[in-house]
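Protein chains in written order, with my numbering: chain W, 59 to 348; chain Y, 265 to 668. First comes the structure, then the notes that go with it.
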Amino acid sequence: MTLPPMDQPLDLQAAFRERGYVAGPALATALRLVVALGKPLLLEGPAGVGKTEAAKTLAAALGTRLIRLQCYEGLDAQSALYEWNYARQLLHLRAAEAGGRSVTDADLYGPEFLMTRPLLEAIRQPAPPVLLIDEVDRADDAFEAFLLELLAEWQVTVPELGTLTATARPHVLLTSNRARELSDALRRRCLYLWVDYPTRAQELEIVRARLPNIHETLAAQVTRAVHALRELPLGKPPGVAETLDWAAALVALHRDHLDAEALDLTLGAVLKLREDQLLARPALGKLAAP
Amino acid sequence: MTPTADLRDRVVALVAHLRVAHGFRVGPGEATAALEALGTVNLGQRREVRDALRAILTASREEGRLFDLTFDAFFRLREGPPPPQLPPLLPETKAPLSPPPPSRPLAKGPGEERPVPGGPHAEDPEEGPNSSSSHPNPDRETEGEPDTPARILTARLSPHAGAGGRVDALEGDLPDLLRAAGALVQAVELGRGRRLVPQPRGARLDARRTLRAAAGTAGDPARLRWLGRPRRAPRFLLVLDGSRSMGKSATLLLRFAQALHLRSRRVEVYAFSTGLTRLTPLLRRAPPGGPLTLPDLGEAWGGGTRIGENLLRLTRGERARVSRDTAVLILSDGLDTGEPETLTRALRDLRARAGLIVWLSPLAALPGYQPVQRAVQAALPHLDAFLPAGGLEDLRALGGRLRR
């Protein structure tokens, strides 16, 4: 599939902006390649910079379904692909036995007993969905190895049903917060983009786009304060999500500027560790200054 | 827009150059994808071409920085400044394609000097623990600003600068150290993982396998199958005090770190003195059989001791990676010039996340030793074990001591 150049109809940057997501050119280009080349994209970066949101917005921009697989420690292929409805299968066996009927494997492992999970769901869609494999670094090595086969071949094997090949290749986005070093093999199969905190001007634009009713002074102050907080040696520096939460909290409290009192009341929206709050407090007066 | 033959040649040359000069793992597959990508972007927009090629040809944030500088060297405007010479990510490799020269020969310039590892703007070949602010954002216009000699000089003349110098650790005792490291890997028990796998006895009924077995007995689950949680495979985070006071113990423990790295790929090694540096990429490249030689580690070796500050810096950098699978080994004599409160804060944070924290001290091996140092006093409440590491014997006994 060859797409027209950026100035042609599929302008993801504009499509994202319409949906309140200010995507930088590098992200827009990488997402464009996901669609054009059919390769998965690995998005790495600090928490809260909009990696997951990028997948959601891509699905909305392409007018397709978003299928999300949230990874966690202990996730296995079985839980990500499919499960059999064991209780229903047992009832079926019992009923067949009571009725004197014989049961074959084909009866027992029919589609009516199959419960699809996100990955199988994604490859069975008639139109390419956006498949978000979120926080892949939380899953363990074995699951990552399983993903390699799926991402390379776009097919999975269900022992009872055989090999199922994707009807339409999904647009795949993987996200990672670097909780674990991902294998070179997985990286090689993916396009790669490091998503960093936005610049102050970009973040101000994001705040304006997501909270159109915010007072201009407040938006500028919040953005400046967040950038100052990120300069401090915090345990959990605020992401863009926290900036938006904080700004939304201040708007909800009908504030049009950031003063010491407002900052004190809403600090929990932006700093989520007590140690970080203690560390930031001496600088609060400076941050709240006009 | 269709790429011209010249552009295609340049892109292929760029791929070969990244592989040969910087050790990028890119080959014909990536070159093909890069050429394919050229057909989907606006070739009149240099930045768009760079973003597309970066997404295809890099696999980590660190590679992204090298890529930007190399791309600029290949496609830069005539009036642009000469590109800096960059240190390779990996040793030079043989390649099927020889890299054609860039558009202009690389001239030696002031920006070419290799940055000092361990300095505030050190260029870790793979990554640095606190590199979040020192690397460019791909979304920002980055035209390549290498560390300038002035910056490097500032780092070296800092009042906290370490003695630095090359680090040589002789070979000879590697087999013993490997045995000690193997015993340690075996001994560390961090409980059970969360993944369920088939086991003869376990916590949960394996409905799938039980049902398959039941199909042969007309639905009667005569033999139950079980799922259990396997032992957690430990991940090691070694923090080695390379300050002057550690003396010869530092090189012994460095070789031990290398041995542990050879025994398990799940090992991260950092060294600190007044500054902190990540040694993992250097150990990864070191030939396993020979003597261990490391380049100048700057502030991370041979200077004073700032345990708390560096541990806190490490905790922040590695925070996301420290989990209940992680065994943290701090190798230090505890003779610190920093504030114990900072150390307490770092250890409290590590304690909340790691599966095990062990402090190994060369001083603790001395007869009559009392843990009276301020740093050790501050650390003890947060440790699972405080053990001696005076020599090979102590390291050999480490596995057994931890098992008890």
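All C-beta atoms in this analysis are idealised placements derived from N, C-alpha and C, irrespective of residue type, glycine included.
C-alpha distance - residue i paired with residue j, whole-angstrom precision
i: Q641 (chain Y); j: L627 (chain Y); result: 14 Å
i: F331 (chain Y); j: L240 (chain W); result: 20 Å
i: E102 (chain W); j: R311 (chain Y); result: 21 Å
i: L89 (chain W); j: L70 (chain W); result: 8 Å
i: A327 (chain W); j: A285 (chain Y); result: 46 Å
i: C248 (chain W); j: D192 (chain W); result: 14 Å
i: T268 (chain Y); j: R283 (chain Y); result: 23 Å
i: H273 (chain W); j: T257 (chain W); result: 20 Å
i: G106 (chain W); j: T324 (chain W); result: 18 Å
i: D273 (chain Y); j: V461 (chain Y); result: 51 Å
i: W304 (chain W); j: A616 (chain Y); result: 27 Å
i: T275 (chain W); j: A299 (chain W); result: 20 Å
i: F536 (chain Y); j: R245 (chain W); result: 30 Å
i: R216 (chain Y); j: D589 (chain Y); result: Missing from the structure shown is residue 216 (chain Y); chain Y here goes from 265 to 668 and no further.
i: A700 (chain Y); j: L599 (chain Y); result: The shown model of chain Y, from 265 to 668, leaves out residue 700 (chain Y), and the question about it has no answer.
i: G308 (chain Y); j: R288 (chain W); result: 36 Å
i: N601 (chain Y); j: R570 (chain Y); result: In the sequence under discussion, the amino acid at residue 601 (chain Y) is Thr, which differs from the Asn named in the question. Cα-Cα distance, rounded: 6 Å.
i: A277 (chain Y); j: G328 (chain Y); result: 17 Å
i: G663 (chain Y); j: V80 (chain W); result: 53 Å
i: L308 (chain W); j: L262 (chain W); result: 15 Å
i: L647 (chain Y); j: V622 (chain Y); result: 6 Å
i: Y255 (chain W); j: P104 (chain W); result: 8 Å
i: L99 (chain W); j: P631 (chain Y); result: 58 Å
Chain-ordered chain Y contacts of residue i [CB-CB under 8 Å]
i: Q425 (chain W); result: Here chain W has residues from 59 to 348 only, and residue 425 (chain W) is not among them.
i: W212 (chain W); result: Within 8 Å Cβ-Cβ: nothing; W212 (chain W) doesn't reach chain Y, min ~16 Å.
i: D198 (chain W); result: G457, R459
Residues that residue i contacts on chain Y, provided the C-beta gap is smaller than 9 Å
i: W304 (chain W); result: Those within 9 Å of W304 (chain W) in chain Y number zero; the least Cβ separation is about 20 Å.
i: D242 (chain W); result: R289, A323
Chain W contact residues for residue i, given Cβ-Cβ distances below 8 Å
i: A479 (chain Y); result: L151, V161, D163, L166
i: A319 (chain Y); result: A84, T87, A88, L91, L99, L249, Y250, L251
CA nearest to the CA of residue i, picked from the options
i: R609 (chain Y); options: Y:L624, Y:S625, Y:E573, Y:W623; result: Y:E573
i: H150 (chain W); options: W:D163, W:Y140, W:A138; result: W:D163
i: P187 (chain W); options: W:Q335, W:T275, W:A286, W:A118; result: W:A118
i: G506 (chain Y); options: Y:L442, Y:G466, Y:G567, Y:A643; result: Y:G567
i: P83 (chain W); options: W:V93, W:A72, W:R77; result: W:A72
i: L593 (chain Y); options: Y:S513, Y:A471, Y:A316, Y:R499; result: Y:R499
i: L546 (chain Y); options: Y:T569, Y:R570, Y:E563, Y:A521; result: Y:A521
i: D314 (chain W); options: W:L336, W:A277, W:P295, W:T281; result: W:A277
i: A145 (chain W); options: Y:L469, Y:V449, Y:L271, Y:A295; result: Y:L469
i: L116 (chain W); options: W:L189, W:V161, W:L166, W:L172; result: W:L189
i: P295 (chain W); options: W:E333, W:D317, W:A307, W:A153; result: W:E333
i: T544 (chain Y); options: Y:P551, Y:P555, Y:E532, Y:A550; result: Y:E532
i: L321 (chain Y); options: Y:V279, Y:T579, Y:L526; result: Y:V279
i: Q637 (chain Y); options: Y:L656, Y:L614, Y:L620, Y:E603; result: Y:E603
i: H525 (chain Y); options: Y:A618, Y:V622, Y:G553; result: Y:G553
i: A318 (chain W); options: W:A283, W:G293, W:L290; result: W:A283
Contacts that residue i makes with chain Y (C-beta to C-beta distance below 7 Å)
i: P291 (chain W); result: R580
i: Q147 (chain W); result: L475
i: A94 (chain W); result: T304
i: E102 (chain W); result: R325
i: D69 (chain W); result: Near D69 (chain W) there are no residues of chain Y at all, since even the closest Cβ is about 11 Å away, more than 7 Å.
Contact list for residue i against chain W, beta-carbon separation under 9 Å
i: D613 (chain Y); result: G293, E333
i: A521 (chain Y); result: Within 9 Å Cβ-Cβ: nothing; A521 (chain Y) doesn't reach chain W, min ~17 Å.
i: G328 (chain Y); result: Y250, L251, W252
Interface residues of chain W facing residue i [CB-CB closer than 7 Å]
i: A584 (chain Y); result: N235, R236, A237
i: A316 (chain Y); result: T87, L91
i: S528 (chain Y); result: Result: empty, since nearest Cβ-Cβ is about 13 Å, beyond 7 Å.
Min CB distance residue i to chain C below 7 Å
i: R245 (chain W); result: The chain inventory of the structure shown lacks chain C, comprising the protein chains W and Y.
Checklist entry - Along the region 286 to 306 of chain Y, what residues have a CB closer than 7 Å to any CB found in chain W? => result Taking 7 Å as the Cβ-Cβ cut-off, the region 286 to 306 of chain Y approaches chain W at R289, A297, E300, A301, G303, T304, V305, N306, given in chain order.
Item to check | Continuous beta strand (DSSP E) assignments of at least 3 residues falling wholly in the region 480 to 567 of chain Y | outcome: 490 to 492, 499 to 505, 531 to 536, 540 to 542, 556 to 558, all fully within the region 480 to 567 of chain Y.
Item to check | Whole runs of the alpha helix (DSSP H) within the region 564 to 649 of chain Y, excluding any shorter than 4 residues | outcome: Runs of the alpha helix (DSSP H) inside the region 564 to 649 of chain Y: 571 to 582, 604 to 617, 638 to 643.
Checklist entry - What beta strand (DSSP E) runs, 3 residues minimum, are completely inside the region 221 to 287 of chain W? => result You should have 229 to 234, 249 to 252.
Next on the checklist: Give the list of continuous alpha helix (DSSP H) stretches no shorter than 4 residues that lie fully inside the region 292 to 334 of chain W.
Outcome noted: When DSSP assignments are scanned along the region 292 to 334 of chain W, the uninterrupted stretches of alpha helix (DSSP H) that are 4 or more residues long and fall wholly within it turn out to be 298 to 310, 318 to 324.
Checklist entry - Any residues in the region 310 to 340 of chain W with a beta carbon nearer than 9 Å to a beta carbon of chain Y? Which ones, in chain order? => result Residues passing the 9 Å Cβ filter: E333.
Checklist entry - Along the region 450 to 472 of chain Y, what residues have a CB closer than 9 Å to any CB found in chain W? => result Cβ contacts with chain W: G457, R458, R459, L460, V461, A471, R472.
Checklist entry - Looking at chain Y, which residues of the region 116 to 149 of chain W have a Cβ within less than 9 Å of any of its Cβ atoms? => result Those residues of the region 116 to 149 of chain W that come within reach of chain Y (Cβ to Cβ, closer than 9 Å) are Y130, E131, G132, L133, D134, Q136, E141, W142, Y144, A145, Q147, L148.
Next on the checklist: For a minimum of 4 consecutive residues, which ranges assigned as the alpha helix (DSSP H) are wholly contained in the region 105 to 145 of chain W?
Outcome noted: Complete alpha helix (DSSP H) runs here, min 4: 109 to 120, 135 to 139.
Checklist entry - Which residues, in chain order, does the region 493 to 515 of chain Y contribute to contact with chain W at a C-beta distance below 7 Å? => result Of all residues in the region 493 to 515 of chain Y, none is placed with a Cβ closer than 7 Å to any Cβ belonging to chain W.
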